[in-house]
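In this note's numbering, the protein residues as written are 131 to 349.
Below is one structure; the comments refer to it alone.
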């Protein structure tokens with residue numbers, strides 16, 4: 131694990147030496163904390179953006195604030211410029227009920243795009259063991275805007291994530307204790323009955339990603 135930690139620190143130093151601007155994004159789930167904890171130590175100047183969809187569990191918002199204080203992070207919200215009143219279909223229901231892909235585009239993918247135009251490097255915590263799409267990613271990828279995606283946790287296993295959390299006594303998202311293993315927007319998250327960590331996201335649909343790690347990767 132020490133080798134992986136050194137590699138992350140070295141990569142941030144290379145970005146600095148190259149004069150690159152960088153930011154990170156996080157959903158502030160428990161398994162997100164090792165990356166945030168590491169950034170707080172090796173690159174505390176990094177702004178951390180939280181995509182405020184307006185549909186998060188209140189526990190997630192409280193946990194975000196708790197972690198920001200504990201890790202001394204500069205946490206900023208980014209959100210859709212499309213008002214919620216305009217995010218409804220022709221019968222008045224929010225798009226997450228009928229077109230979750232479009233809901234994710236409005237509230238996650240589209241709000242992220244200006245950041246990718248503003249910064250050179252986007253740091254995010256995807257891991258190869260999370261699903262088939264993420265398994266195909268490399269630690270450094272390009273964005274459609276011509277910038278860089280840096281995935282410092284890509285090769286970390288679930289076991290290594292939890293070992294780091296335990297060794298550093300990091301806090302836990304309060305919904306962990308209620309059986310949630312992957313926590314996104316409240317309307318699209320349930321307690322999974324499957325061994326798949328992300329099995330409770332968009333249950334009953336073929337959808338497995340919100341678009342951040344599919345649409346915002348240069349193909």
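Cβ atoms here follow ideal geometry from the backbone N, Cα and C, with glycine treated the same way.
With a beta-carbon spacing of about 16 angstroms, residue 131 and residue 255 fall beyond the 8 angstroms limit used to define contacts.
Between residue 238 and residue 181, the gap from beta carbon to beta carbon is short of 7 angstroms. A distance below 7 angstroms between beta-carbons, with the five flanking residues on each side excluded, links residue 210 to the following residues of its chain, in chain order: 236, 237, 240 and 241. DSSP, read as helix, strand or coil, puts residue 221 in coil. C-alpha of residue 277 to C-alpha of residue 251: approximately 6 angstroms in a straight line.
Within the DSSP bridge table, the entry for residue 179 names 155 and 206 as partners. Here residue 317 is not near residue 189, since their CB atoms are 7 angstroms or more apart. The criterion of a C-beta distance shorter than 7 angstroms is satisfied by residue 247 and residue 275.
Excluding five sequence positions before and after residue 183, the CB atoms of its chain that fall closer than 6 angstroms to its own CB belong to 237 and 315, given in chain order. Boundaries for residue 302: no alpha helix (DSSP H) harbours it, and the DSSP string shows neither H nor E there.
A residue is called buried when at least 16 other Cβ atoms come within 10 angstroms of its Cβ; residue 258 meets this threshold and is buried. The three-state reading of DSSP puts residue 313 in coil, since its state is none of H, G, I, E or B. The residues 170 and 174, in chain order, have a CB closer than 7 angstroms to that of residue 202 in the same chain once the five nearest residues on each side in sequence are set aside.
Counting only the Cα atoms, residue 219 lies some 32 angstroms from residue 154. Per the coordinates, the alpha-carbon of residue 261 lies some 15 angstroms from the alpha-carbon of residue 269. Going by DSSP, residue 271 is part of the beta strand (DSSP E) stretching over 270-272. For residue 201, the enclosing alpha helix (DSSP H) covers residues 188-201. Buried is the label assigned to residue 281, since at least 16 other Cβ atoms lie within 10 Å of its Cβ. With respect to the C-alpha of residue 244, the residue from 138, 297, 346 and 139 having the closest C-alpha is 346. Assignment of beta-bridge partners to residue 279 by DSSP yields 252 and 271.
Between residue 264 and residue 273, the C-beta gap is not smaller than 7 angstroms, which leaves the two residues out of contact. For residue 198, the closest alpha carbon among the candidates 146, 139, 307 and 163 is that of 163.
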